[in-house]
Every structure is written in structure tokens, then in C-alpha cells.
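I have placed the structure first, in the form of C-alpha cells, so that the comments after it can refer back to it.
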Amino acid sequence: MMLTRASQVSAAHGARPLAAVPRTSRVRVVRVAATLTNLGEDGKILVAGASGGCGKRVVDVLSSRGVPVRALVRDVSKASSGSGLLAGVGATTEVVRGDVFQYASLPPAMDGCAAVVCCTGASDPRDPLGPFNVDFQGTLNLIAAAKLAGVKHFVLVTSIGADELINPLNLFWGVLFWKKRAEEELQRSGLTYTIVRPGGLKSKLGNGESAGNIVMAAPGTYGFPPRKSGSILRTQVAEVCVAALTEPAAANKVVEIIAEKDAPAKPMADLFSAVNWY
Numbered sequence: 001m002m003l004t005r006a007s008q009v010s011a012a013h014g015a016r017p018l019a020a021v022p023r024t025s026r027v028r029v030v031r032v033a034a035t036l037t038n039l040g041e042d043g044k045i046l047v048a049g050a051s052g053g054c055g056k057r058v059v060d061v062l063s064s065r066g067v068p069v070r071a072l073v074r075d076v077s078k079a080s081s082g083s084g085l086l087a088g089v090g091a092t093t094e095v096v097r098g099d100v101f102q103y104a105s106l107p108p109a110m111d112g113c114a115a116v117v118c119c120t121g122a123s124d125p126r127d128p129l130g131p132f133n134v135d136f137q138g139t140l141n142l143i144a145a146a147k148l149a150g151v152k153h154f155v156l157v158t159s160i161g162a163d164e165l166i167n168p169l170n171l172f173w174g175v176l177f178w179k180k181r182a183e184e185e186l187q188r189s190g191l192t193y194t195i196v197r198p199g200g201l202k203s204k205l206g207n208g209e210s211a212g213n214i215v216m217a218a219p220g221t222y223g224f225p226p227r228k229s230g231s232i233l234r235t236q237v238a239e240v241c242v243a244a245l246t247e248p249a250a251a252n253k254v255v256e257i258i259a260e261k262d263a264p265a266k267p268m269a270d271l272f273s274a275v276n277w278y
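Take the sequence shown: its position 61, counting from 1, is numbered 61 in UniProt numbering, and each next residue is one higher.
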């Protein structure tokens with residue numbers, strides 16, 4: 001059997017080998033959707049990339065609702081120190097060590113978890129293997145551990161433009177290419193999933209700037225011109241990720257999100273229901 005390019009790269013760098021993947025623009029796997037019935041009662045929520053911008057905000061949203069959270073970070077002492085992003089997290093949050101590129105560290109961290117929210121992403125532009133190692137191989141390792149743990153829902157945060165090969169962001173070592181490949185592996189994994197593709201991420205608003213309301217659309221709506229682009233607050237991305245865990249209309253969907261000041265405010269159920277692409 002001929003291996004895909006991803007399999008060849010994976011083997012070359014000592015990562016877990018991948019099965020051959022058919023090259024299709026859409027991946028459709030028929031499955032029975034399983035969403036959480038009540039956050040906190042089904043089990044803990046594992047947040048990968050919990051010390052990052054979006055991951056930290058997912059932890060905050062869950063913690064504020066009293067939901068048991070397991071925050072996965074590479075350096076527990078650094079993340080939990082007085083200046084760390086996870087310092088002072090709620091009593092329902094457990095900070096644990098794990099590295100998505102070290103598969104052996106993941107099953108213990110995921111034990112007893114009902115769902116996964118993956119907010120990891122390569123951050124060092126000097127590392128040519130960063131997007132492959134983190135956005136692709138790291139996500140595959142999380143998927144494998146999630147299947148082993150029997151999680152009910154896997155939420156993956158990627159980016160608008162993930163399906164665009166001709167996009168300036170791919171100059172960053174093919175980051176969108178590897179995000180898209182990770183999406184495809186999650187879609188064919190058999191897990192119930194929601195893939196969230198946010199626009200440009202913002203941590204805070206400028207002077208006089210309005211946050212706007214969340215706009216949700218099918219994949220391929222936003223990206224590099226001539227597609228429309230847009231931005232969104234990381235806190236809004238976190239709200240979408242948390243809502244996806246219990247919203248039946250979010251199961252097995254890929255959604256793109258931005259925020260627009262003139263958009264009407266809509267319930268999450270309505271936003272997810274309006275997107276019919278699977």
C-alpha cells in the first residue's frame with residue numbers, strides 16, 4: 001500500500017505512522033452523533049493547549065460554569081505560577097502535564113474525560129516542522145488517545161482558509177495545509193466532532209471598537225480574497241467551542257466563525273442549525 005505524503009513525513013520524524021488517506025476535498029463519515037447531555041455530569045473536559053490564547057479562555061468559560069476541567073500543558077509549574085496563564089484557575093480545574101507530540105503522555109491525561117477541546121497550534125515561525133508536529137501529528141495523537149479513552153465529543157479549533165492551498169499563511173511552513181489534514185483525520189476517526197474555523201484572533205478590543213456578534217457559516221465562506229475575511233475575539237471562540245459540546249446541531253460539522261458589529265445576536269443553537277455542511 002502506498003503511503004501518503006503525510007505518512008512519509010511522519011515516519012521520517014519518528015512519529016506514529018499513518019494509514020493511507022484518499023485525497024478528497026470532502027470527507028464524509030456516517031456515524032451516530034453523540035453529544036454531552038450535561039456539562040460536568042458526563043466527565044471532565046480535556047482542554048489541549050490550555051495555556052494558549054484560545055485554550056485559556058475555554059478553561060475560563062468551563063471553570064466559570066463549575067465544569068470539571070483538565071487543562072493539558074507542557075509545563076505545569078510555569079502555567080500555574082503567579083504569572084502563568086492558568087494561575088488562579090477555579091477549583092474544578094486540574095492542570096496536568098502532557099505533550100501532544102509525545103503520545104505516551106496523553107492517555108493518562110485523558111483518562112476519565114468525556115470530551116476534548118483542542119486549541120493547540122504551532123507558534124514558532126523559525127521551526128519548519130512546527131505545523132507538522134503540532135497542528136497535524138499532535139492532533140492525530142490526541143485523536144488516538146481520545147478514541148482509546150472513549151470520549152464522546154472532540155472539538156478542534158483550526159482556521160478559516162484551512163482548505164486554501166494558495167494562502168499567504170501557508171508560507172509559515174504549510175500551517176493551513178497541516179491543519180486541513182488534521183481536520184480530515186478527525187472526520188474519518190469515528191469520533192463525534194465539531195471543527196471550528198475562526199477568523200483572525202483578537203485578545204481584546206481597540207479603543208471604541210465593538211466586539212460585534214458571532215456570525216457562523218459553512219466551510220469555504222471566509223479566507224483569502226476573493227473570499228471575505230474577518231476577525232473574532234478569543235473569548236467568542238471559546239464560547240462557540242463550549243456550546244458545541246452540548247448542542248446537538250453542532251455534531252459532526254465544520255463551521256467558520258467571525259464577528260460583525262451589524263450582525264444580529266443569535267442563540268448558539270440557531271447559529272449551528274443554520275450550517276448544513278457536514
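Every residue, glycine too, gets a C-beta built ideally from N, C-alpha and C.
Residue i versus residue j: straight-line alpha-carbon distance, rounded
{"i": "Gly98", "j": "Arg70", "result": "11 Å"}
{"i": "residue 282", "j": "Thr192", "result": "Residue 282 is absent from the structure shown; the chain starts at 1 and stops at 278."}
{"i": "Val89", "j": "Val67", "result": "12 Å"}
{"i": "Ala146", "j": "Gly208", "result": "43 Å"}
{"i": "Cys118", "j": "Pro198", "result": "13 Å"}
{"i": "Asp124", "j": "Phe101", "result": "15 Å"}
{"i": "Gly43", "j": "Cys113", "result": "5 Å"}
{"i": "Ala91", "j": "Arg65", "result": "11 Å"}
{"i": "Ser189", "j": "Pro264", "result": "35 Å"}
{"i": "Phe272", "j": "Ala249", "result": "6 Å"}
{"i": "Glu184", "j": "His153", "result": "16 Å"}
{"i": "Asn170", "j": "Thr194", "result": "23 Å"}
{"i": "Ser210", "j": "Met110", "result": "38 Å"}
{"i": "Ser77", "j": "Asn167", "result": "37 Å"}
{"i": "Leu205", "j": "Leu233", "result": "8 Å"}
Closest residue to residue i among the options (Cα-Cα distance)
{"i": "Asp127", "options": "Gly43, Thr120, Val95 and Phe172", "result": "Phe172"}
{"i": "Ala244", "options": "Val196, Ala274, Gly55 and Lys78", "result": "Val196"}
{"i": "residue 340", "options": "Leu129, Val96 and Met268", "result": "The first residue shown for the chain is 1 and the last is 278, placing residue 340 beyond what the model contains."}
{"i": "Ala259", "options": "Asn213, Pro108 and Arg234", "result": "Asn213"}
{"i": "Asn133", "options": "Thr93, Leu36 and Val175", "result": "Val175"}
{"i": "Lys202", "options": "Ser231, Pro131 and Thr158", "result": "Ser231"}
{"i": "Val73", "options": "Val61, Leu62, Leu86 and Ser63", "result": "Leu86"}
{"i": "Val95", "options": "Glu247, Ser51 and Glu185", "result": "Ser51"}
{"i": "Thr38", "options": "Leu62, Ser80, Thr194 and Leu233", "result": "Reading off the sequence, residue 38 comes out as Asn, not Thr. Taking only the C-alpha atoms, the option nearest Asn38 is Leu62."}
{"i": "Thr235", "options": "Arg57, Glu41, Leu36 and Val47", "result": "Arg57"}
{"i": "Gln187", "options": "Leu140, Ala109 and Ala149", "result": "Leu140"}
{"i": "Glu239", "options": "Tyr222, Gln137, Cys54 and Asp270", "result": "Cys54"}
{"i": "Gly40", "options": "Ser105, Pro107, Gly200 and Thr93", "result": "Thr93"}
Contact with chain C by residue i, beta-carbon distance below 8 Å
{"i": "Leu72", "result": "Although the question refers to chain C, the structure presented lacks it and comprises just one protein chain."}
Which residues DSSP lists as bridging residue i, in chain order
{"i": "Leu233", "result": "Lys202"}
{"i": "Leu46", "result": "Arg70 and Val116"}
{"i": "Met216", "result": "Ile257"}
{"i": "Leu171", "result": "Bridge partners of Leu171: none, in fact."}
CB contact flag (residue i, residue j, <8 Å)
{"i": "Val237", "j": "Val157", "result": "yes"}
{"i": "Leu142", "j": "Val116", "result": "yes"}
{"i": "Asp135", "j": "Pro219", "result": "no"}
Three or more C-beta pairs under 8 Å: does that hold for the region 176–192 against the region 226–234? no
Counting pairs of Cβ atoms below 8 Å between the region 234–253 and the region 268–277, do you hit three or more? yes
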